[in-house]
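S.K.: Residue numbers (my numbering), protein chains in the order written: chain S, -5 to 552; chain H, 145 to 407; chain C, 83 to 415.
Beta carbons: idealized from backbone N, C-alpha and C, even for Gly.
Before I ask anything, here is the structure I am working with.
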Amino acid sequence: MQTIEFPMRRYSESEEIDYLIVGVGSAGGVLLQRLARAGFKVVGIEAGPFWDTERDWVSDEVGSHQLYWEDLRITGGKNPLTLGANNCGKGVGGGSVHWAAFTPRFHPSDFEVYTRDGVGADWPISYWELKPYYELLELEMPVAGPPWYPWGDPHSYAFGPHPMGGVGNTLVRGCTNLGIGVSVGGPVAILSGSRGKRPHCIYRGYCIQGCKVGAKASTLITHVPDALAKGAEIRDRSMVSHIYHDRKTNRVTGVSYLDQDGTEHFQKAKAIIVSGYAIETPRLLLNSACDGHENGLANSSDTVGRYLMAQAGNVILGRFDEPVRMYKAPPAHALTEEFYETDPNRDFARGFAIQTVGPLPIAFATQMMAARGCWGWGLRRIMMDYNHWSAFGLLGEILPWPGNRVTLAEETDQFGLRVAHVNFDLYDNDKKLIEFGKEKVEQVMRAAGATEIVQEARYAHLVGAARMGKDPATSVVDGFGRTHDIANLFVCDGSILPTQGSANPGLTIQALAARTADYLISQGTKIFNSDKRDMTSPPVRRELSPPGTHGTGVPRLR
Amino acid sequence: MDTLHDPSSDGRETRRPADPKTGKSLPPLGQPGYYPGFSTLNQQKFWDAATRERVLRRVNDVPPIRFFNPEEARLMKMLAAHIVPQDDRQPSRRIPIVPRIDERLHQGRIPGYRFSTMPPDGNAYRLGFEAIEKMAKQSYGRPFQELSWRAQDELLKSIHDAEPKEGAEEIWKQMPVHRYWALLVQDCVEAYYAHPWAWDEIGFGGPAYPRAYIRLEHGEPEPWEVKERRYEWMAPADSVSDPKGPDVAAHSEHPAHGQGGTH
Amino acid sequence: MLPFSQRNGILEQKPRERDNPVAHFWRKTLLPAVAEDEAHIRQGRFQRSMALLAGASSILAGLEVSYEHYRGSYGQKVMWTPVILSGAMTVAGIFGFFSKWAARTLLRWTSAVTLLDSLAGFYFHVRGIARKPGGWRLPVANIIMGPPIFAPLLFGVSAYLGLIASFLRPEEAPKFGLFRGLLRILSARNSGRKPSPWTVELPSGRFQKHLAAATVLSAFFSGFEALYSHYKNNFRYKAQWSPVIIAPALMTAATMSIKSPKAARAWLPAMSILAILDGGVGFFYHARGVLRRPGGLKKPIYNIVYGPPIFAPLLFAACGVLGLLTCLMRRER
Ligand SMILES: Cc1cc2nc3c(=O)[nH]c(=O)nc-3n(C[C@H](O)[C@H](O)[C@H](O)COP(=O)(O)OP(=O)(O)OC[C@H]3O[C@@H](n4cnc5c(N)ncnc54)[C@H](O)[C@@H]3O)c2cc1C
C-alpha cells in the first residue's frame, strides 16, 4: 500500500535545477532518493503515472496491462523480441513495479567476459567496486535469501528465505535428485518478515501484476517516499521528448516534455541523467539529435542503440500427476546458478541459470499455444489441467552484438515522436547456449517427476544499448555513467550494461545507480561547471540509505 | 441471449465433447472442468475493491461491437468458436470473446509492439478475414460460413500448421501466417481466460488480495477451493483441434503479449 | 491410579532371594529414587529439578523462537528479545540447579522478565496479524500466515516454570559429591522467608490447582497451534488430528482437576501420558516430514525452517509433563 502523506516540493520551470532525471524507474528512483538526500535540487520526469496502489492496481492478469510500456515499438530481426509487458514498465517505479524481483548479483567473471573468454566486452569497473553497493541495496530493498549463497562471490542474506510453493518444490526436487545445487526461497526482493510498517509477503502469486501488499520491493515504496520527503519532485505522466544541447559549450541545458494533455513544457537543469531503460534511453538520445550531434546525442561512437541484449528466457513446462497449483507463492522463489560460468567442456562461452516461473492462466495458455501448438478443444483440455503443470525458466546469457540495436522507425507515437525499431538476432554462441540450457532444464524437470515436458522460446530482460566502457570509441558512457561526449549528460539504467551475465539485472541496475549517485555527490558542483573528468572512486555512503534500512535482519555471515 | 456472444447458437449434438466409453455427447454444463461447484465469484467479498470492480465489470458489461462491421463480426464469431469452442457450456454460461477483441481494436490498444513484418493489428484482422474467405472459396468453392464444421476446422488447422490451404498466397506474403495465427489465438485466449467462469473451470484461485493463500505446497486446495474430480471426455468427432500428443506449431517461437509469468 | 504410589507399595516388599541385575537395579536403585523424587515433589522439594526443567524447556523454546523469527527475518528489532532471554533462562536454570540462592534471585528475575516479554510478544503478534493485508477481518488466513499468535505465551510457560522453581525448596543434597559440596556451601546462606501463598504453599508443594491451571493454558496454546498448522496442511495425514483431539482432552482433565482431586489422580495422568506419547509420535513424524521434503537433508536449514516444526510436538509433550507434575502435587489448603 502506498500513500504519500507529505506535500511534494514543486520547482518552477524557470528555475535551474541541479539534476533532472528522465524516468523514475529502478535506477531513477534510487538516484532521485540519493541526490535529494544529499541536498541537491532534483526533479524526476516520468512518462507514466504516480501510482496509488490500492486504487490503481488489481489482482488480475488482464487488468494489469497499464503497468507496462504498451506504446508502439517496432520489433524485427531474425529473432524478434516481444516487448511491452515482457520487458518494460511505465509509471513511478518503472520496471521494479512489475518485476518478479529475483535479485541475484552478477558474478565477478561477468565484469571481465572479454578478458576471460574473448567474447563480449569487459566492464570499466570490477565486481569488487560494485560489491559494497550490492550489499547496500540488498539491505535497502531488502533481499530475502538463503543464509549461504554459494555462486559467484559467495555471500549471505540478512533476510531469511521464503517458504516454497509448488513450482519451487519441483525445482528443488529436480535439482537435488541430480545433485545440482539449488538456492531455495530467494534471493528475491520480497519481504519474508515484516519491516517497519511494510507487511511481509502473503504468497498471492501476483508479483508481476504489481504488489498491492507492499511486500515486494519497488523503488515506488523503497526509495521514492524518502526522495519526496527530502525535497525531490516527480512530474508524472510527462513524456520527455527532447534533450536540449548548447553547441557552444557542448553541454546539455534542459529537456522538453509533454504532459498528459499534450502540452509541451521546458525544464532547465545543470545536469541531466537519462534513466529510461534500454529502449527509451537510446530512443531519446537518437531523437535529440542536433547540430554537432547529428547521429544522436552522445553518439560520436555510433554505439547508442547498439549492443542491446536480452536473456534467453525459454520456459520449460512439465506436467505432474499430482496437482502443483503453480499460481500460489511468488513466481520467483528458487534458482540454480550451477551452470553460470564458462565451462571448457561445452562448445560455447558463458552459461545460464534455471529459475522458477509461475505463469497465471492467460500466460500459461499463450505458452501452451506456442509450446504445444494448442488451440480449440486441445487448448481447453490442457487448460483444465492447469493445476498439474509446473514451469521453469532458463535464463541464458546472450552476448552483446553490434547488430542487435535500437534505431528510429519512420512511424511516430501519439506525441509525434519517432518510435523505436528494435532489431534482434541470435548468433552461434547464443544458439548453442540455448540448446544446451534447454536440455538441462528439461533434465531437471524430468528428475522432478514430470511426465510430459514442453518448452516455449522467449526472451527476458533488456539491457545494453548505451553501454559503458573505458574507450569512447566503442562505448557511450564511462564507468560512472557520464557520456563520453557531453560532460553534464549521464545515462544510468539498464542500458549501460556492457554484458548481462545470467542473473536478472534489477539489483545490478540499482546498485549502479547508488554508485553513480555517490560519484555525483562526491564531485559536488564540479559536474555543473567543469568538463574535467575525475575518475577516482567515491567513498561508499551508507548514511544515504532510506531510513529503516540498517539494523534489521540477521547479521550476515559474509 | 445476445447472439453476438453466443459463439454457436445452434449447439448441435455432434459439436459437443463425448464420453469416450459410451461415445455419447455429454450434456452442456453450467461449468465444465474438474472442479464442480468451485466459484471464484463467490469469494468476491475477500477481494479488494478495485479488483472486484474490474472483474465484475468484465462479467456484467459486455462492450458493443464497434470495430468490426456486422459481417466481420459474424465471421470473427465463427473463428472464435473454433479457437475456443464452448459447446460444452450452457448457452447462458458462454464467455463473450469477440466483443473483447473488438473493444481492444476499437480503442487501438496494442501490447506495446508490432512485428516489423506485420501490419497494424486492425489491418491484420481484416487481411485475415479476406485470406480465410479466399482459402474457403479456392479449396471448397464456398464461403467460410457455409462450410461444414469439420471443413472450417481443417481450414483453420492449415493456418495453425503454417501451411495454409491455397487461395491467399498474396496475403500471406504481406503477413506471416504464423504471426497471424498467434495474434488470433492470443486474443481469443486472453478474452476467455480473463473470465471468472474460466477460472472456475480450470480450478484457478482468482484474485488473491487481501486474502491470499495458506496452502502453498503439494497442490493442496485452500479451504474455499475444491479438490479436483476428473472425468474423461473426448473432443467432438468433427473437430481436429485436439490431437493425442503435443502438436507443436511450425514456430515454437511465438509472440506472446502476456508477460508470460517470466522472471 | 497414581502409578508412582502403586510402586511405593511394591517398595515395601522384601527383596527376593535371587535377583537378576536388572531387577536389582529396578528395586534397589530406580524405585527408591523415584519414590524419593515423588516425595520431594509432594513436599515441594524439587527446586533443582524444576529449575533444570525450566532451563531445558527454554532451550527448546529458544531454538523454536530463533528459527521462527529467522523465518520472519528479524525484521523488527524486538524479535531478538526472546532469543536472548531464552538463553538467559537456560543459564539461570542451570545456576538455579546448583544454588538455592541463584534460584531465588537470578532465576526468579529472569523468569519474571521473560514472562513480561512473552506478554509483549503476544501483543506484537496480535499487532502483526492486524497489520497484515485484511488484518483481523481475515482472521483465518492471517492467523495462519501471520506471526503465530500464541507462540509467545507458550514461550511464557517455561518462564512460568522458572518462576515456580524459584519459590520451591531444593531437593536434599544431591547424590554427586561435587554438587553436594557446592550446594552445601551455597545453601549455607539461607534467608528468612515472609509467609505468603507463594512462599508457604508453593515451597511445601501445595499448588496442584495452580499447576492444573497452567496445564490447561499451555495445552490450549500448544493445541491451538497444532490445530491451525495442521489445518494449513489440510490434515494430509490422519495422525495430524491427534494433538487437536488430545489437547482439549488434556485441558478438560486439567480443568476437572482444579475442582476434583479424583480427576487429578485418574484423568489427568492418563491424558498427560497420552499427550507425552503423542508428542513423541509427532516428533517422529515431523522429523520424517523434514527428511521427506524436496531436497531432504541436502537442504537442512531450509527444510528445518520450513518443514514441519520439529520441536513443536515436544512442546506439546511438555504440556503432558506439566500435567503429570500436577498429579504429583499436593493440593492447596
Ligand atoms: C515481467 C518482468 C519480470 C521481471 N523480473 C525481473 C526480476 O525478477 N529480476 C530482475 O532483476 N529484473 C526483472 N525484470 C527486469 C527489470 O524490471 C528491469 O530490468 C529494470 O526495471 C530496469 O530498470 P531501469 O531503471 O533500467 O528501467 P525502468 O525501471 O524500466 O525505468 C524506466 C522508467 O523511465 C520511464 N521513461 C522512459 N522513457 C521516458 C521518457 N522519455 N520520459 C519520461 N519517462 C520515461 C519509464 O516510464 C520507466 O518508468 C523483469 C521485467 C519484466 C517485464
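#1: For residue 395 (chain S), would you say it is in contact with chain H, using Cβ-to-Cβ distances shorter than 8 Å as the test?
#2: Please state whether DSSP places residue 90 (chain S) in a helix, a strand or coil.
#3: Residue 439 (chain S) versus chain C: which residues are under 8 Å apart at the beta carbon?
#4: Any idea if residue 397 (chain C) is buried or exposed, counting beta-carbon neighbours within 10 angstroms, 16 or more meaning buried?
#5: Whole alpha helix (DSSP H) runs in the region 255 to 331 of chain S with 4 or more residues, listed along the chain?
#6: Assign residue 310 (chain S) to buried or exposed, taking buried as 16 or more other Cβ atoms, counted over all protein chains shown, within 10 Å of its Cβ.
#7: Mind pulling the chain C residues with CB within less than 9 Å of residue 362 (chain H)?
#8: Counting only Cβ pairs nearer than 9 Å, list the residues of chain H close to residue 77 (chain S).
#9: Using a threshold of 7 Å, is the CB atom of residue 271 (chain S) nearer than that to any non-hydrogen atom of ligand 1?
#10: Tell me which residue opens and which closes the alpha helix (DSSP H) that residue 269 (chain H) is part of.
#11: In three-state terms, what does DSSP make of residue 159 (chain H)?
#12: Kindly indicate which residue of S:104, S:121 and S:120 has the alpha-carbon position closest to the one of residue 113 (chain S).
#13: Given that a residue counts as buried once 16 or more other Cβ atoms are within 10 Å of its Cβ, and exposed if not, what is residue 369 (chain H)?
#14: I'd like to check one pair, residue 350 (chain C) with residue 303 (chain C): are the Cβ atoms closer than 8 Å?
#15: Fully enclosed by the region 312 to 372 of chain H, which alpha helix (DSSP H) runs are 4 residues long or longer?
#16: For residue 232 (chain H), count the other beta carbons within 10 Å of its own beta carbon; 16 or more makes it buried, fewer makes it exposed. Which is it?
#17: Please report whether the beta-carbon of residue 370 (chain C) lies at a distance below 8 Å from any beta-carbon of chain S.
#18: For residue 155 (chain S), does the count of other Cβ atoms within 10 angstroms reach 16, so buried, or fall short, so exposed?
#19: Within 10 angstroms of the Cβ of residue 294 (chain S), are there 16 or more other Cβ atoms? Answer buried if so, exposed if not.
#20: Expressed to the nearest angstrom, what Euclidean distance is found between the alpha-carbon atoms of residue 359 (chain S) and residue 127 (chain S)?
#21: Counting only runs that start and end within the region 125 to 213 of chain S, where is the alpha helix (DSSP H) found for 4 or more residues in a row?
#22: So which residues of chain S does residue 347 (chain H) contact, with C-beta pairs closer than 9 Å?
#23: Is residue 54 (chain S) buried or exposed, if buried means 16 or more other CB atoms sit within 10 Å of its CB?
#24: Does the beta-carbon distance from residue 490 (chain S) to residue 506 (chain S) come in below 8 Å?
#25: So, at 6 Å on beta carbons, what are the nonlocal neighbours of residue 479 (chain S) in its own chain, with the 5 sequence-adjacent residues on each side left out?
#26: Work out the CA separation of residue 252 (chain C) and residue 264 (chain C) for me, nearest whole Å.
#27: Can you grab the Cα-Cα spacing for the pair residue 200 (chain H) / residue 179 (chain H), in whole Å?
#28: Whose Cβ in chain H lies nearer than 7 Å to the Cβ of residue 196 (chain S)?
#29: Please report the distance separating the alpha-carbon of residue 251 (chain S) from that of residue 262 (chain S).
#30: Using 7 Å as the cut-off, classify the Cβ of residue 333 (chain H) as near or not near the heavy atoms of ligand 1, replying yes or no.
#31: Taking residue 267 (chain S) as the reference, give the member of S:516, S:536, S:540 and S:19 with the closest Cα.
#32: So, is the C-beta of residue 154 (chain S) closer than 8 Å to a C-beta in chain C?
#33: Out of C:205, C:144 and C:176, point me to the one whose CA is closest to residue 132 (chain C)'s CA.
#34: Show which residues of chain S have a CB atom less than 8 Å away from the CB atom of residue 353 (chain H).
#35: For a contact defined as C-beta to C-beta under 7 Å, what are the partners of residue 354 (chain S) on chain C?
#36: Mind checking residue 285 (chain S): buried by the 16 CB within 10 Å criterion, or exposed?
M.R.: So, from the listed chains and residues:
#1: The residue given as residue 395 (chain S) occupies position 401 in the first sequence. Residue 395 (chain S) does not count as touching chain H.
#2: Locating residue 90 (chain S) in the first sequence gives position 96, counting from the first residue. Three-state DSSP puts residue 90 (chain S) in a helix.
#3: The sequence position of residue 439 (chain S) within the first sequence is 445, counting from 1. Correct list: empty, because the minimum Cβ distance to chain C is about 13 Å.
#4: Residue 397 (chain C) sits at position 315 when you count from the first residue of the third sequence. Answer is buried; the Cβ neighbour count reaches 16.
#5: 271 to 281, all fully within the region 255 to 331 of chain S.
#6: Numbered from 1 along the first sequence, position 316 holds the residue referred to as residue 310 (chain S). So residue 310 (chain S) ends up on the buried side.
#7: Residue mapping note: residue 362 (chain H) aligns to position 218 of the second sequence, counting from 1. Going along chain C in sequence order, the residues near residue 362 (chain H) (Cβ under 9 Å) are 315, 316 and 318.
#8: Position 83 of the first sequence, counted from the start, is the residue given in the question as residue 77 (chain S). Below the 9 Å Cβ cutoff, chain H contributes 255, 256 and 257 as neighbours of residue 77 (chain S), in chain order.
#9: Along the first sequence, read from residue 1 onward, the residue named residue 271 (chain S) stands at position 277. Remark: the shortest separation between the CB of residue 271 (chain S) and any heavy atom of ligand 1 falls under 7 Å.
#10: In the second sequence, counting from the first residue as 1, residue 269 (chain H) sits at position 125. Start and end: 265 to 284.
#11: Here residue 159 (chain H) corresponds to residue number 15 of the second sequence, with the count starting at 1. Helix at residue 159 (chain H).
#12: Within the first sequence, numbered from 1, the residue matching residue 113 (chain S) stands at position 119. Cα-wise, what sits closest to residue 113 (chain S) is S:104.
#13: Indexing the second sequence from 1 puts residue 369 (chain H) at position 225. So residue 369 (chain H) counts as buried.
#14: The residue given as residue 303 (chain C) occupies position 221 in the third sequence. The residue given as residue 350 (chain C) occupies position 268 in the third sequence. No; because the gap between Cβ atoms is not below 8 Å, this pair is not in contact.
#15: 313 to 318, 321 to 336 and 340 to 346
#16: Start at 1 with the first residue of the second sequence, and residue 232 (chain H) comes out as number 88. Burial call: buried.
#17: Sequence index remark: in the third sequence, residue 370 (chain C) carries index 288 (1-based). No, residue 370 (chain C) lies away from the interface with chain S (no Cβ there is under 8 Å from its Cβ).
#18: Looking up residue 155 (chain S) in the first sequence gives position 161. When all chains shown are included, residue 155 (chain S) counts as buried.
#19: In the first sequence, counting from the first residue as 1, residue 294 (chain S) sits at position 300. So residue 294 (chain S) counts as buried.
#20: The count along the first sequence starts at 1 and reaches residue 359 (chain S) at position 365. The count along the first sequence starts at 1 and reaches residue 127 (chain S) at position 133. If I take the Cα positions, the gap works out to 40 Å.
#21: 160 to 171
#22: As a first step, residue 347 (chain H) is located in the second sequence; it is residue number 203 there, counting from the start. Simply 317, 319, 378, 380 and 381.
#23: On the first sequence, position 60 is the one that residue 54 (chain S) refers to. Looking at its Cβ environment, which holds 16 or more other Cβ atoms inside 10 Å, residue 54 (chain S) is buried.
#24: Here residue 490 (chain S) refers to the residue found at position 496 of the first sequence. Here residue 506 (chain S) refers to the residue found at position 512 of the first sequence. Cβ atoms of residue 490 (chain S) and residue 506 (chain S): closer than 8 Å.
#25: For the purposes of this step, residue 479 (chain S) is taken as residue 485 along the first sequence, with counting starting at 1. Correct list, in chain order: 292 and 294.
#26: Along the third sequence, read from residue 1 onward, the residue named residue 264 (chain C) stands at position 182. Along the third sequence, read from residue 1 onward, the residue named residue 252 (chain C) stands at position 170. Low per-residue confidence applies at residue 264 (chain C): pLDDT is 47, beneath 50, and the placement is therefore not dependable, though the value from the model is reported in the following sentence. Spanning the two alpha carbons is a distance of roughly 13 Å.
#27: Along the second sequence, one-based indexing puts residue 200 (chain H) at 56. Along the second sequence, one-based indexing puts residue 179 (chain H) at 35. Between the C-alpha atoms of residue 200 (chain H) and residue 179 (chain H) there is a straight-line separation of about 21 Å.
#28: To locate residue 196 (chain S), count along the first sequence from 1; it is residue 202. Under the 7 Å cutoff, chain H gives 356.
#29: Taking the first residue of the first sequence as 1, we reach residue 251 (chain S) at position 257. Taking the first residue of the first sequence as 1, we reach residue 262 (chain S) at position 268. Straight-line Cα distance between these residues: approximately 11 Å.
#30: In the second sequence, counting from the first residue as 1, residue 333 (chain H) sits at position 189. No, the beta carbon of residue 333 (chain H) sits no closer than 7 Å to any heavy atom of ligand 1.
#31: Locating residue 267 (chain S) in the first sequence gives position 273, counting from the first residue. Answer by Cα proximity: S:19.
#32: Walking along the first sequence from the start, residue 154 (chain S) turns up at place 160. Chain C contact via Cβ: present.
#33: As a first step, residue 132 (chain C) is located in the third sequence; it is residue number 50 there, counting from the start. The shortest Cα separation from residue 132 (chain C) among C:205, C:144 and C:176 belongs to C:176.
#34: As a position in the second sequence, residue 353 (chain H) is number 209, starting the count at 1. Ordered by position in chain S, the residues that pass the 8 Å Cβ test against residue 353 (chain H) are 53, 196, 198, 200, 206 and 207.
#35: Here residue 354 (chain S) refers to the residue found at position 360 when the first sequence is read from its first residue. Correct list: empty, because the minimum Cβ distance to chain C is about 19 Å.
#36: If you number the first sequence from 1, residue 285 (chain S) lands on position 291. Per the 10 Å Cβ criterion, exposed.
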